[in-house]
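J.: Shown below is the structure under consideration.
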Amino acid sequence: MVSALAAYASLAVICAASLLIGQAIRSLCGDRELSWLAGPIGLAAILVASGIAIKLPGHGTAVAITLAVLSVLSLATVVLGRRGRGGPRRTSATKARTWSGGSHPALAAVSAAIAILAGSIPFAANGHVGVLGVGLVNDDMANHLLIADWLNTRVGDMPALIHQGYPVGPHAFVAGLGELLGTGPIEAFAGLTLAIPALTALVAFEALDGVRRIPRVAAAALVALPYLAAAYLAQEAFKEPIEALFVLAFALLLPAAKTARRAIPLGMIAAGAVYAYSFPGLFWLIGTAAIYLLAASRGRGSYSISVKTSATWAVAGIVTLILIAPDLGRIVDFTSFRAFKSATISGGLGNLRHQVSPLEALGIWPASDFRLSASDASGPAAAFYLGALVAAAALAFGLGRWVRRHGPAVPAALATAIVVYVGARLLGTVYTSAKALAIAAPLVTLIAFGGLLLRDAGVGRRLLAAALAAGIALSSFVVLRQAPVGPPNHADQLAELRPLIQGQDVLFLGRDNFVAYELRGARPVTAVRNYYDPNYAKPNLHLEDVFRKFDFDSVTARTLGRFPYVITTRAAYASGPPPSFRPVRLTPDFVLWKRTGPVGPRRTLAEGADPGAILDCAGHAGRRRAEAAGSATVFSAPPVVGGLWAPGPTAEDGSPVAQALTLPPGRWAISIQYDATRPLNVSAPGMDATLPANLDYRGSLPYYPVGELRVRRRGPVKFTVSVDRPPLFGRLLGTKSEAHLGAIAASPAGAAGPIPGAAEQRTPIGRACGRYLDWYRPAGGG
584 MVSALAAYAS LAVICAASLL IGQAIRSLCG DRELSWLAGP IGLAAILVAS
634 GIAIKLPGHG TAVAITLAVL SVLSLATVVL GRRGRGGPRR TSATKARTWS
684 GGSHPALAAV SAAIAILAGS IPFAANGHVG VLGVGLVNDD MANHLLIADW
734 LNTRVGDMPA LIHQGYPVGP HAFVAGLGEL LGTGPIEAFA GLTLAIPALT
784 ALVAFEALDG VRRIPRVAAA ALVALPYLAA AYLAQEAFKE PIEALFVLAF
834 ALLLPAAKTA RRAIPLGMIA AGAVYAYSFP GLFWLIGTAA IYLLAASRGR
884 GSYSISVKTS ATWAVAGIVT LILIAPDLGR IVDFTSFRAF KSATISGGLG
934 NLRHQVSPLE ALGIWPASDF RLSASDASGP AAAFYLGALV AAAALAFGLG
984 RWVRRHGPAV PAALATAIVV YVGARLLGTV YTSAKALAIA APLVTLIAFG
1034 GLLLRDAGVG RRLLAAALAA GIALSSFVVL RQAPVGPPNH ADQLAELRPL
1084 IQGQDVLFLG RDNFVAYELR GARPVTAVRN YYDPNYAKPN LHLEDVFRKF
1134 DFDSVTARTL GRFPYVITTR AAYASGPPPS FRPVRLTPDF VLWKRTGPVG
1184 PRRTLAEGAD PGAILDCAGH AGRRRAEAAG SATVFSAPPV VGGLWAPGPT
1234 AEDGSPVAQA LTLPPGRWAI SIQYDATRPL NVSAPGMDAT LPANLDYRGS
1284 LPYYPVGELR VRRRGPVKFT VSVDRPPLFG RLLGTKSEAH LGAIAASPAG
1334 AAGPIPGAAE QRTPIGRACG RYLDWYRPAG GG
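If you use the working numbering, the sequence shown corresponds to residues 584 to 1365, in order.
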């Protein structure tokens, strides 16, 4: 509940501040009439101010003070401007061309509210606010959270993306917002993610001024969240929706930019685009201005302009250059950003494996994951192509009427978006071309609805608009209701360990894309590297399958000796620690180990991804080990690892899976590999355990502790695994909970409970023959 309140408080502050500051800028530029276009102008100003203020002493506090001062000054400016008499009297025609939005403010607010409610579907379906898209879709927020925290605190190493010139305007804003409201960056980013469709809906409502009230409300909300916009929200990718909002507002402001003062908001939006998207953000804006100038200068009537008038647009360029000057060095650094260079997993592919279909930008694509092609999705491919045909027809029929009613500015933006997309396909990467489609999507939807829903539209066009609306609503709903939201449990447990390791190197023998953020202030190093792990220790490459191994044997003794601290899971099915490591803090799922002395030699058998192997003394190598002096660490009994789940390794709510382990008598500690969108339930005779939801990573995972059970006599023990159903609202929406299971294992339980090494024994290596050996130490350390 606290997280939800913080997120929606952030949303309210972002929308209010953007509208207020943007309206003040409009007033200073000679346009005192209230307009929803103030939102993107104000948001751009906020990103610019935040990007500059974050460099001042106090960092996030400096941003918070700057934003508060800007808001107070803006309020005074708007109030005084509304009371003044200055400025030319406007005709209704002028109001139409400048997208005056003072009419029907309540209906505009309804559009924004619908967009917010739609954007909130993932949080409502999962029952909590958290990081969107984690584990299953996109974990870029791992970097964004780390950047925002470092900009504010300057604790720990500077994130690599900052070194590379990555645009940090939104991150600086989040840092300041957190200081202003006393909230965390997760909630502040959630508020920003929801504010973008709200502001987009308000702008779209103003743009659709020739549409009847009720269709106008619905269409504006759909412009804010067409399929690709919803898909990007579902993975909390905020940069592309921000850029799409800026491109749309820029196009709508172009017709009024006929004086130097009226060009200033264009420069502000362009600067905001740079602080949010770096220099590529200007591609769409410059192209839009160029195509509009070409089209309007050849046009007739009220939309024709002279080349001389276009000189006033130079003011926009000057404003942009002045505002981005403090960040110019970083902008230059960003030209070498790896995502522009090659289609590699760490570069051009991002979270994609193939090109996204351009048909998705039309708005109808009924798939729960935008990365799915029509042939890969669960629904019939014909539905995808039929939807694309409806959307394409809507755009074709709406385009001409839009131009006749509103002029060429927004079509110029769409034409630019198409050019940028083609350029990205030919010269860029899968990663960049998908972004180009996401930025184009709201433009497509706005033109289609704006042309089809004009008051004089016939029945055929209205039916086509209704079909488009239904298809977009269904497609966006499908992708939003199934969006994963990061569960807080593991992050909260790691946060308990963070104060003990501040400023220290710590070897993290787990798998979690967010570990650099969750252990911020320390320097976490991983042996199985993920894209989001900045620090890497080479694993013990002598072990087969070492990249599926997450325990003390994953690295060599020499590597262990580099680290004062190690974090493992508490699963008993794992190699135990060297004697020089002792546990200093336990959480339900993790152990923090502290090294108290030298590690010493540590050798293993060919155990692969398992915690150990049977020492076979029958062969030549085995006899040599048995005859040699030294000590061995063995399990009190061999662990038992399971096989296949029936009917399969995926459990959904209402569809449990099961398998049996044949166990001898005794106490057994159970461990399991899993990821799950909701809590996982594991039951067996004498055991009923619930594990927290886990979306740390999707793939090869460590084992996590389940609990203990006592077996009275040897025989099969059946384990049944199910996943909790979604909360009530999620069930009403048809959201599915699912868990993906790896292996389940039973290890002999030690006196210390389920903890690595708790059930191990030290013995002379000659007495370890036929026993399950974890690791051994030859005499003399040889």
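Backbone N, C-alpha and C fix where the C-beta goes; we use that ideal spot for every residue, glycine too. Because the structure is a prediction, the values reported are computed rather than measured.
Indicate the three-state DSSP secondary structure (helix, strand or coil) for Gly-1325 in the structure shown.
T.: In the sequence shown, counting from the first residue as 1, residue 1325 sits at position 742. Reduced to three states, the DSSP call for Gly-1325 is strand.
J.: List the whole-angstrom C-beta distance separating Val-1108 from Tyr-1119, where the pair is believed to meet the contact cut-off of C-beta under 8 Å.
T.: Within the sequence shown, numbered from 1, the residue matching residue 1108 stands at position 525. Within the sequence shown, numbered from 1, the residue matching residue 1119 stands at position 536. About 7 Å; that satisfies the 8 Å criterion.
J.: In angstroms, rounded to a whole number, what distance separates the CA positions of Phe-1218 and Ser-1283?
T.: Taking the sequence shown and counting its residues from 1, one reaches residue 1218 at position 635. Taking the sequence shown and counting its residues from 1, one reaches residue 1283 at position 700. Between Phe-1218 and Ser-1283, the C-alpha separation is close to 24 Å.
J.: Measuring alpha carbon to alpha carbon, tell me which residue in Ala-692, Val-898, Val-714 is nearest Ile-797.
T.: Counting from one through the sequence shown, the residue named residue 797 turns up at place 214. Checked all of Ala-692, Val-898, Val-714; the closest Cα to Ile-797 is Ala-692.
J.: Residue ranges of each alpha helix (DSSP H) run of no fewer than 4 residues wholly in the segment 608-673, ordered along the chain?
T.: Listed in chain order, the complete alpha helix (DSSP H) runs (minimum 4 residues) inside the segment 608-673 are 621-636, 643-666.
J.: Within 10 angstroms of its Cβ, does Arg-1103 collect 16 or more other Cβ (buried), or is it exposed?
T.: Working through the sequence shown from its first residue, we reach residue 1103 at position 520. When all chains shown are included, Arg-1103 counts as buried.
J.: In or out: Val-1269 buried (at least 16 other Cβ within 10 Å) or exposed?
T.: In the sequence shown, counting from the first residue as 1, residue 1269 sits at position 686. It is Gly, not Val, that sits at residue 1269 in the sequence shown. Its Cβ having fewer than 16 others within 10 Å, Gly-1269 is exposed.
J.: Considering only the alpha carbon of each residue, which of Asp-740, Leu-715, Ala-787 lies closest to Leu-775?
T.: Taking the sequence shown and counting its residues from 1, one reaches residue 775 at position 192. Here the closest residue by C-alpha is Leu-715.
J.: Taking the alpha-carbon positions, what's the Ser-929 to Asp-722 distance?
T.: Translated into positions along the sequence shown, residue 929 becomes position 346. Translated into positions along the sequence shown, residue 722 becomes position 139. Residue confidence for Ser-929 is low, a pLDDT of 43 falling below 50, so the modelled location carries little weight; the figure read from the coordinates is stated next. When rounded, the distance between both Cα atoms is 13 Å.
J.: Applying the 10 Å Cβ sphere with the 16-neighbour rule, what's the burial state of Tyr-1286?
T.: Mapped onto the sequence shown, residue 1286 falls at position 703. Buried, because 16 or more other Cβ atoms sit within 10 Å of the Cβ of Tyr-1286.
J.: Using the rule of at least 16 other Cβ atoms within 10 Å of the residue's Cβ for burial, across every protein chain shown, is Met-741 buried or exposed?
T.: Position 158 of the sequence shown, counted from the start, is the residue given in the question as residue 741. Result: exposed.
J.: Is the number of C-beta pairs between the segment 826-839 and the segment 618-625 that are closer than 8 Å three or more?
T.: The segment 826-839, when compared against the segment 618-625, does touch it at the 8 Å Cβ threshold.
J.: I'd like the ranges of any alpha helix (DSSP H) spanning at least 4 consecutive residues and lying wholly in the segment 1123-1183.
T.: Correct list: 1140-1143.
J.: Report the rounded CA-to-CA distance for Pro-1239 versus Ala-996, giving the unit in angstroms.
T.: By one-based count along the sequence shown, residue 1239 stands at place 656. By one-based count along the sequence shown, residue 996 stands at place 413. So the alpha carbons of these two residues sit roughly 50 Å apart.
J.: Provide the residue(s) that pair with Asp-1258 in DSSP beta bridges, ordered along the chain.
T.: Reading the sequence shown from its first residue, position 675 is the one you call residue 1258. In DSSP, Asp-1258 forms a bridge with His-1323.
J.: To the nearest angstrom, how far is it from the Cα of Ile-914 to the Cα of Ala-854?
T.: Within the sequence shown, the letter at position 331 stands for residue 914. Within the sequence shown, the letter at position 271 stands for residue 854. Computed Cα separation, rounded: 12 Å.
J.: Based on the DSSP output, what are the partners of Lys-1301 in its beta bridges?
T.: Here residue 1301 refers to the residue found at position 718 of the sequence shown. Answer is Ala-1243, bridged to Lys-1301.
J.: Are any of the Cβ atoms in chain E nearer than 8 Å to that of Gly-793?
T.: Any reference to chain E falls outside this structure, which holds one protein chain only.
J.: Whole angstroms are fine: how far does the CA of Val-662 sit from the CA of Pro-1275?
T.: If you number the sequence shown from 1, residue 1275 lands on position 692. If you number the sequence shown from 1, residue 662 lands on position 79. For Pro-1275 and Val-662, the distance between alpha carbons rounds to 52 Å.
J.: Considering Trp-1358, what are the terminal residues of the beta strand (DSSP E) in which it resides?
T.: Taking the first residue of the sequence shown as position 1, residue 1358 is located at position 775. Residues 1355-1361.
J.: In whole angstroms, what separates the C-alpha of Val-751 from that of Phe-821?
T.: Stepping through the sequence shown from its first residue, residue 751 is reached at position 168. Stepping through the sequence shown from its first residue, residue 821 is reached at position 238. Approximately 12 Å, taken between the alpha carbons.
J.: Taking the alpha-carbon positions, what's the Ile-907 to Ala-647 distance?
T.: Position 324 of the sequence shown, counted from the start, is the residue given in the question as residue 907. Position 64 of the sequence shown, counted from the start, is the residue given in the question as residue 647. For Ile-907 and Ala-647, the distance between alpha carbons rounds to 20 Å.
J.: Taking only the alpha-carbon atoms, compute the straight-line gap between Arg-672 and Ala-977 and give it to the nearest angstrom.
T.: As a position in the sequence shown, residue 672 is number 89, starting the count at 1. As a position in the sequence shown, residue 977 is number 394, starting the count at 1. With a pLDDT of 47 at Arg-672, under the threshold of 50, the modelled position of that residue is not reliable, and the figure given next carries that caveat. Each residue's alpha carbon lies about 37 Å from the other.
J.: Identify every residue that forms a DSSP beta bridge with Gly-761.
T.: Sequence index remark: in the sequence shown, residue 761 carries index 178 (1-based). According to DSSP, which records beta bridges pairwise, Gly-761 is partnered with nothing at all.
J.: Any contact of the segment 1056-1068 with the segment 700-711, i.e. 3+ C-beta pairs under 8 Å?
T.: The segment 1056-1068 vs the segment 700-711: in contact.
J.: Please determine, among Pro-909, Arg-799, Pro-1184, the residue with the shortest C-alpha to C-alpha distance to Leu-1036.
T.: If you number the sequence shown from 1, residue 1036 lands on position 453. Of the candidates Pro-909, Arg-799, Pro-1184, the one whose C-alpha sits nearest the C-alpha of Leu-1036 is Arg-799.
J.: DSSP state of Trp-733, grouped into three classes?
T.: For the purposes of this step, residue 733 is taken as the residue at position 150 of the sequence shown. Trp-733: helix per DSSP, three-state reduction.
J.: Under 8 Å: do the segment 805-820 and the segment 866-876 share three or more Cβ pairs, one atom per stretch?
T.: Output reads no: the segment 866-876 does not touch the segment 805-820.
J.: What first and last residue would you give for the alpha helix (DSSP H) that runs through Gly-1034?
T.: Stepping through the sequence shown from its first residue, residue 1034 is reached at position 451. Per DSSP, Gly-1034 belongs to the alpha helix (DSSP H) from 1013-1035.
J.: Which class does Gly-870 belong to by DSSP, given the choice of helix, strand or coil?
T.: Position 287 of the sequence shown, counted from the first residue, corresponds to residue 870. In the structure shown, Gly-870 sits in a helix (DSSP, three-state: H, G or I).
J.: If Tyr-858 sits next to Gly-634, beta carbons under 8 Å apart, how far is it from one beta carbon to the other, in whole angstroms?
T.: To locate residue 858, count along the sequence shown from 1; it is residue 275. To locate residue 634, count along the sequence shown from 1; it is residue 51. Indeed, because the Cβ distance is near 4 Å, the residues count as touching under 8 Å.
J.: Applying the criterion that 16 or more other CB atoms from any shown protein chain within 10 Å of the CB defines a buried residue, is Arg-1345 buried or exposed?
T.: The residue given as residue 1345 occupies position 762 in the sequence shown. So Arg-1345 ends up on the exposed side.
J.: Throw me the rounded Cβ distance for the Ile-1150 and Val-1182 pair, which I believe falls under 8 Å.
T.: Within the sequence shown, residue 1150 is the residue found at index 567, counting from 1. Within the sequence shown, residue 1182 is the residue found at index 599, counting from 1. At roughly 16 Å, the Cβ-Cβ gap does not stay under 8 Å, so Ile-1150 and Val-1182 are not in contact.
J.: Short of 7 Å in beta carbon distance, which residues of its chain neighbour Ala-1326, apart from the five on each side in sequence? Order them along the chain.
T.: Working through the sequence shown from its first residue, we reach residue 1326 at position 743. Only Val-1224, Gly-1225, Gln-1256 meet the Cβ criterion.
J.: Going by C-alpha distance, which of Tyr-1156, Glu-1127, Trp-896, Ala-787 is nearest Glu-1190?
T.: Taking the first residue of the sequence shown as 1, we reach residue 1190 at position 607. Glu-1190 has its Cα closest to that of Glu-1127, out of Tyr-1156, Glu-1127, Trp-896, Ala-787.
J.: Does the segment 756-770 come close enough to the segment 584-600 that 3 or more CB-CB pairs lie under 8 Å?
T.: Short answer: they touch.
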